[in-house]
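What follows is a short report on a single structure.
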Amino acid sequence: MGKRTSKWAAPSDAEVRLDEVAAAFEEGSFEEALAGVEALLAEAPGLAEALHWRAAILAELGRIEESLEAYARALKEAPEDLELLFGAAECLVGRAGDDREAVEEGLTLCSRGKKLAQRAGDVELLFEFLLLEGTGLNQVGECARAMASLEAALGHVPKSVEARLERAISLFELCRFPEAQAAFEEVLKDAADEPWAHHYLGLLAERRGDGKEARKRFGKAQALAPEEFPPPVELGEEAFDKAVEDAVKALPGHVKEYLDNVTIAVEEIPKDEDLLGESPPLSPCILGVFRGSPVGERNSILGGFDPYPASIVLYQKNLERFAKTREELIEQIGITVMHEVGHLMGLDEDDLWQRGLD
Numbered sequence: 001m002g003k004r005t006s007k008w009a010a011p012s013d014a015e016v017r018l019d020e021v022a023a024a025f026e027e028g029s030f031e032e033a034l035a036g037v038e039a040l041l042a043e044a045p046g047l048a049e050a051l052h053w054r055a056a057i058l059a060e061l062g063r064i065e066e067s068l069e070a071y072a073r074a075l076k077e078a079p080e081d082l083e084l085l086f087g088a089a090e091c092l093v094g095r096a097g098d099d100r101e102a103v104e105e106g107l108t109l110c111s112r113g114k115k116l117a118q119r120a121g122d123v124e125l126l127f128e129f130l131l132l133e134g135t136g137l138n139q140v141g142e143c144a145r146a147m148a149s150l151e152a153a154l155g156h157v158p159k160s161v162e163a164r165l166e167r168a169i170s171l172f173e174l175c176r177f178p179e180a181q182a183a184f185e186e187v188l189k190d191a192a193d194e195p196w197a198h199h200y201l202g203l204l205a206e207r208r209g210d211g212k213e214a215r216k217r218f219g220k221a222q223a224l225a226p227e228e229f230p231p232p233v234e235l236g237e238e239a240f241d242k243a244v245e246d247a248v249k250a251l252p253g254h255v256k257e258y259l260d261n262v263t264i265a266v267e268e269i270p271k272d273e274d275l276l277g278e279s280p281p282l283s284p285c286i287l288g289v290f291r292g293s294p295v296g297e298r299n300s301i302l303g304g305f306d307p308y309p310a311s312i313v314l315y316q317k318n319l320e321r322f323a324k325t326r327e328e329l330i331e332q333i334g335i336t337v338m339h340e341v342g343h344l345m346g347l348d349e350d351d352l353w354q355r356g357l358d
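Numbered per full-length UniProt numbering, the sequence shown spans residues 1 to 358.
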């Protein structure tokens, strides 16, 4: 067998080799692109563009932690590179989106990127930062702030389907249901096969009690994006109630003591009054809610009698949609019970998040 040579061994010119990395990346040959960029970095460890490519390739390969480390290293070399900043922020918000700390770090990068893009007069990247910021703020429940970012983004690119969709999601999360309905319908006029718009229109139909329309919309979303919208795990009423009972039984003994005279109930989805009783309103997709006063605040001038009995409600349809498997659903029922008991004990959302019960 003759001696094999690598296309990355020559030429040694960095710009040409980066072009080859870019070509492999565009073709979807990520392992080949990674080999090329790592060979280049072995010779020029601080080359910011090569570090950027390595971070982007690792993200495409699903190696998110390594990608984030690579982005951090690249940003040390080129802290004001707008495309690099956006790539890092997008990885934190879009690919590590289940990690609240990662999303918040991504939002910090968006804030920096917006300022730099404005200073540079780069309207395209300014729009991208505003859109990503709105997406991240929606993810962490800051939907009113998300609206401001998304409306600013639409000021630059009014026809953007992505920004209009994300704005419609903000409206839904803020319980502005008629406006959300109209906004999702407008999205579908320009993007008839947008699965998230169909999904949210299904949620809105469900809230109106229009089961036929809800099933149609959910079915359309599932057909368009089966990985994003698998059929919900349905336990049935008896099995769901049993899972809730088991979750309560599994609580530590000292925690169960707080449940004296606390009602635990299951409802299909949250009522408007449950959502609008808070400011800002609660998300229509919440998995459960605690109603009443926390322990320690429940004594009244009537000698310890609480005229507003505490209760915990779990929302079956939201929980069934949240989970991908029966095992995950049962686990999430337990987490949700603990979350609401935490509110009963006086813990706020930050406390619960720090305990992994968000």
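Glycine included, every Cβ here is placed at the ideal spot set by N, Cα and C.
Under the three-state reduction of DSSP, Leu314 is assigned to strand.
Each of Glu104, Glu80, Pro79 was checked against the Cα of Cys91, and the nearest Cα belongs to Glu104. The C-beta separation of Leu18 from Glu49 comes to about 6 Å, placing the pair in contact by the 8 Å criterion. For Glu90, the enclosing alpha helix (DSSP H) covers residues 82 to 90. Pairing Gly134 with Glu179 gives a Cβ-Cβ distance that is not under 8 Å.
In chain order, Val248, Leu251, Val341, Leu344 place their CB closer than 8 Å to the CB of Leu259, counting only its own chain and leaving out the 5 sequence neighbours on each side.
Taking 8 Å as the cut-off, the Cβ atoms of Leu329 and Leu287 do not count as close. A distance of 8 Å or more separates the beta carbons of Val157 and Val187. With respect to the C-alpha of Glu26, the residue from Ala56, Asp190, Ala42 having the closest C-alpha is Ala56. In chain order, Leu137 place their CB closer than 6 Å to the CB of Arg145, counting only its own chain and leaving out the 5 sequence neighbours on each side. Scanning its chain for C-beta atoms nearer than 6 Å, with the 5 sequence neighbours on each side dropped, one finds around Val289 the residues Asp274, Val313, in chain order. Ile335 is bridged by DSSP to nothing; it lacks a bridge partner. With fewer than three CB-CB distances shorter than 8 Å, the stretch 216 to 236 does not count as touching the stretch 275 to 282. Cβ-Cβ separation between Leu224 and Asp190: approximately 15 Å, too far for a contact (criterion under 8 Å). Looking at the DSSP output, Val266 sits in a beta bridge with Leu314. Here DSSP, grouped into helix, strand and coil, assigns Gly253 to helix.
Out of Leu58, Ala42, Gly46, the CA that lies nearest to the CA of Ala33 is found in Leu58. For Glu43 and Val37, the gap between their C-alpha atoms comes out near 10 Å.
Here Gly288 is bridged, per DSSP, to Leu314.
Using a C-beta cut-off of 8 Å, the stretch 119 to 134 makes contact with the stretch 82 to 90, since at least three inter-stretch Cβ pairs fall below that distance. A direct Cα-Cα distance of roughly 22 Å separates Lys114 from Ala168. Sixteen is the threshold: since fewer than 16 other Cβ atoms of the shown chains lie within 10 Å of the Cβ of His254, the residue is exposed. The three-state reading of DSSP puts Leu204 in helix, counting H, G and I together. Linking Ala153 to Gln332 through their CA atoms gives a straight-line distance of about 35 Å. Spatial neighbours of Arg164 in its own chain (CB-CB distance under 6 Å, excluding positions within 5 residues in sequence) are listed in chain order as Val187. Closest option to Gly94, judged by alpha-carbon separation, among Gln139, Glu257, Gln118, Ala221: Gln139. Counting along the chain, the unbroken alpha helix (DSSP H) around Glu104 starts and ends at 100 to 120. Of the residues Glu185, Leu130, Glu206, the one whose Cα lies closest to the Cα of Ala197 is Glu185.
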